[in-house]
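Number 490 marks the last residue of the sequence shown (this note's numbering); no jumps.
Even glycine gets a Cβ: it sits at the ideal position worked out from N, Cα and C.
One structure is given here, and the rest of the page talks about it.
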Amino acid sequence: MTAIKTVMKAIEEDINTLVNHPFILDLEKGKVPMSGLKIFAEQYYLISCAFNKFLFNACGSIDSEEIREPLLENLYDEHGRGNLNNSHRELLKKFLAAVDIKNIDSIKPLASTQANIYGMNFLCKNSSVLEILGALGPGCEAFTTEQYTRIYKALKKFYNFSEDDLIFFTEHIHHDPRHTSDIEEVISKAIESDHDITYVIEGAKKAIIFETLLWDGIHNQCKISKNSNKRYK
258 MTAIKTVMKA IEEDINTLVN HPFILDLEKG KVPMSGLKIF AEQYYLISCA FNKFLFNACG
318 SIDSEEIREP LLENLYDEHG RGNLNNSHRE LLKKFLAAVD IKNIDSIKPL ASTQANIYGM
378 NFLCKNSSVL EILGALGPGC EAFTTEQYTR IYKALKKFYN FSEDDLIFFT EHIHHDPRHT
438 SDIEEVISKA IESDHDITYV IEGAKKAIIF ETLLWDGIHN QCKISKNSNK RYK
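Next comes the structure, spelled out in structure tokens:
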């Protein structure tokens, strides 16, 4: 078994739990109200903004240009590959507009969103190279395509969004497999012993914990919003 397969096997259950998070399952049943979609859009916009800093901090923690290169490539994609009109924040703003979010500057993070951002930034600044690669590769990019495909299909099926409204998700669906394979390639080069694999697994598991916090917070806030709507009808 290759090192990457060993890593993915070790975190398989964690990934399965995350991609089947109750919020996504509710979304796939059309049970998330518009107020919940707004909560999701707002908090995910903050995460998208923060993801750039995760990558910047990771690059600053990695001395090897070869190992740093796929993260820099990811950053270039994040910034529209030289066209800022196609930056991932600009693409995501289309979804925010579609759910009627008018003032992006007024978005406030949930405590769980803040915890995710703090945890990932700390990890990318202060961890070993293998932990960082594990967090951003197997613990993030490796399952984003599946996650976003399910979100995209649910939003199209139940909520009548246009392709342009959802371009943020489709762009990631197309590009993230490349990011995954690029990071996996440098992980394989950086691993020198079986013990090194444990650092990759540890980084991946930490990232999944931080992302679970994000989705838990969104899901819980949606339930609060839904109950409030019922109370005041």
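Item, Value
"Distance, D271 Cα to F467 Cα", "12 Å"
"Which of helix, strand or coil DSSP assigns to I531", "Lying outside 258 to 490, the shown extent of the chain, residue 531 is not represented and no answer is given."
"Nonlocal neighbours in the same chain, by C-beta distance under 6 Å from P366, ignoring five residues either side", "L303"
"H431 burial status per 10 Å Cβ neighbour count (16 or more: buried)", "exposed"
"R488, DSSP secondary structure in three states", "Only weak support exists for where R488 lies, its pLDDT of 34 falling under 50; the value from the coordinates is given anyway. R488 falls in the helix class under three-state DSSP."
"For L312, the first and last residue of its enclosing alpha helix (DSSP H)", "M291 to S318"
"Short Cβ contact (8 Å threshold) for I465 with A260", "no"
"Local conformation of K286 per DSSP, three classes", "coil"
"Cβ pair F308, H476 closer than 8 Å", "no"
"Helix, strand or coil at T370 [DSSP, three-state]", "helix"
"Cβ pair G391, E459 closer than 8 Å", "yes"
"Within-8 Å CB hit, D334 to chain B", "The displayed structure is made up of one protein chain only, and chain B is not part of it."
"Boundaries (first-last residue) of the alpha helix (DSSP H) holding R338", "Here R338 belongs to no alpha helix (DSSP H), and DSSP marks it neither H nor E."
"Contact belief for F311 with L393 at Cβ below 8 Å, rounded distance in angstroms", "7 Å"
"A354 versus T469, L423, V276 and S445, residue with shortest Cα-Cα distance", "L423"
"Local Cβ density within 10 Å of T274, reported as buried at 16 or more and exposed below that", "exposed"
"Simplified DSSP state of D271, which is helix, strand or coil", "helix"
"Cβ-Cβ distance between D433 and E388 below 8 Å", "no"
"Reduced DSSP category for H278 - H, G, I as helix; E, B as strand; rest coil", "coil"
"DSSP-derived helix/strand/coil call for E420", "coil"
"Whole-Å CB distance - D439 paired with E330, under 8 Å assumed", "7 Å"
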